[in-house]
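Below you'll find the structure, written out as structure tokens, and then a few comments.
Residue numbers (the working numbering): 414 to 561.
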């Protein structure tokens, strides 16, 4: 699950950098934060693996919620990186509006899904873990989302 999530983050990051024309200091400072969260991911992953079927004192819920919050923050940072690049006009001038809209729509749905599965994890932790995996697989598959 975490490997799929890291792969999804990597693909999203590569898509963002593909459209960059240049970088500024703020963008360069956001990059290590994303790397920090990816490097931190093994810790909540281990918590989930140790406590996923332990029901004493809500350890399972805490582990799954902590894992979900870590994924939410990583996804939000990736989305923030893209939105900042757009706002600061760091995107290549030859990038088409359709491509930019597609990438923006592709990065956004995961955040709401993470929030949903964090809430689900408070009641059904195993269902939330499966949901986190589904989110990662969604981002790994080359599916085009049509903007309105």
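Glycine included, each C-beta is placed from N, C-alpha and C at the ideal position.
- Between residue 499 and residue 486, the CB-CB gap reaches or exceeds 8 Å.
- With fewer than 16 other Cβ atoms inside 10 Å of its own Cβ, residue 555 counts as exposed.
- An exposed status is given to residue 528, since fewer than 16 other beta-carbon atoms sit within 10 Å of its beta-carbon.
- Contact between the segment 428-437 and the segment 501-508 is established, with three or more Cβ pairs separated by less than 8 Å.
- 537 is the residue among 548, 550, 419, 537 whose C-alpha sits nearest the C-alpha of residue 473.
- One Cα belongs to residue 442, the other to residue 495, and the distance between them is close to 13 Å.
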